[in-house]
């Protein structure tokens, strides 16, 4: 990690303090001990749509996670029942590729962001948009729910901005605009009153709206993914140097670094996630692999392959954009791991404990 100087920035109506930190070894008791599960030998595979367009976004439904939602470069959003390998519904409104998705806690709505610089809020049952938010001047790379009762939507854009949209208001203008990023904002995550925003400028910014404070963690490489841990004490960040890092939110210290020769992330936006009670760090790769690391030790625990039969990935020299695993998602209720990417399909592994 690159050392950075602390500084004070002014953000809209707040005066915000920001701090950048260097790498330190993880404390011995910082992370949880994990179990040793295995994966079912034959994964479930949801084949590509007729367009065969790459998938950019993937999420399980909330609660027991019975359904999967995907966002495609063909501008469509699709709802699946993976157990039955059944396509249930299509959603169409975006004029450009769908880049990000998030589903509400009660599963009645979801939010999407796309290359058309637009944020849509959808009704799952009617397949209709209920809100449309514009204001970004670049494609919307990340969306997330926030606020009491999912009353707020947060979006991050290629224009370098983070915007907050209040669903309780009839207005179409953002109620909060944050523009500290020196480059594109690639991802956002919300935990309570705190927004995490990862940027290609190599920083993760934490906006604490309750305290009116923004803290900056200097990762040193372009950020492609950020996700909070279940207890909110740390977050997992993916970067364009083909690494994942687990960061302490209070101190900004790096608790653990995850890397492997099979992990390739230097050209495409790759999403990562935490799984198995935050004991596994999971990421896709540009060569078709899905890698799972032990959060406690940093060792690679599982190497999986995206695709219909889980066949071995190609060598890095022969991979194309169709091999990219752009998104992964974890279903804690059913202990399922899903991946999606350039082939347009979704692979789902069932964990056996």
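In our numbering, the protein residues as written are -3 to 349.
For glycine and all other residues, C-beta sits at the position ideal for the given N, C-alpha and C.
Keep in mind the model is a prediction, meaning the values are calculated, not measured.
Proximity of residue i and residue j at Cβ, strictly below 8 Å
i: residue 153; j: residue 128; result: no
i: residue 179; j: residue 196; result: yes
i: residue 73; j: residue 108; result: yes
i: residue 158; j: residue 121; result: no
i: residue 99; j: residue 344; result: no
i: residue 268; j: residue 223; result: yes
i: residue 292; j: residue 259; result: no
Bridge-paired residues (DSSP) for residue i
i: residue 285; result: 301
i: residue 271; result: 276
i: residue 346; result: 332
i: residue 327; result: 332
Chain-order list of residues whose beta-carbon lies under 7 Å from that of residue i (same chain, five-residue window excluded)
i: residue 85; result: 75 and 123
i: residue 230; result: 242, 243, 244, 245 and 251
i: residue 215; result: -3, 198, 199, 200, 233, 235 and 241
i: residue 24; result: Any reading at residue 24 must be qualified, since the residue scores a pLDDT of 39, below 50, and its modelled position is unreliable; no value is offered.
i: residue 218; result: 196, 198, 235 and 236
Neighbour flag for residue i against chain B, beta carbons, 8 Å
i: residue 83; result: Among the chains in the structure shown there is no chain B, since it carries only a single protein chain.
Continuous beta strand (DSSP E) stretch holding residue i: start and end
i: residue 152; result: 148 to 153
i: residue 339; result: No beta strand (DSSP E) holds residue 339; DSSP gives it neither H nor E.
i: residue 353; result: Limits of the chain in this structure are -3 at one end and 349 at the other, which puts residue 353 out of reach.
i: residue 107; result: 105 to 110
i: residue 259; result: Segment: none, residue 259 is in no beta strand (DSSP E) and carries neither H nor E.
i: residue 236; result: Here residue 236 belongs to no beta strand (DSSP E), and DSSP marks it neither H nor E.
i: residue 72; result: 72 to 77
Own chain residues within Cβ distance below 6 Å of residue i, not counting five before or after
i: residue 114; result: 130
i: residue 330; result: 61
i: residue 138; result: 96, 152, 183 and 184
Whole-angstrom C-beta distance between residue j and residue i, which should lie under 8 Å
i: residue 302; j: residue 321; result: 5 Å
i: residue 150; j: residue 162; result: About 11 Å; that fails the 8 Å criterion.
i: residue 112; j: residue 133; result: Not quite, the Cβ-Cβ distance comes to about 12 Å (not below 8 Å), so this is no contact.
i: residue 69; j: residue 88; result: Not confirmed; about 13 Å, so no contact.
i: residue 362; j: residue 323; result: Examination of residue 362 is not possible in this model, given that the chain is present from -3 through 349 alone.
Same chain, Cβ closer than 8 Å to residue i, neighbours up to 5 away in sequence not counted
i: residue 262; result: 236, 237, 238 and 282
i: residue 165; result: 171
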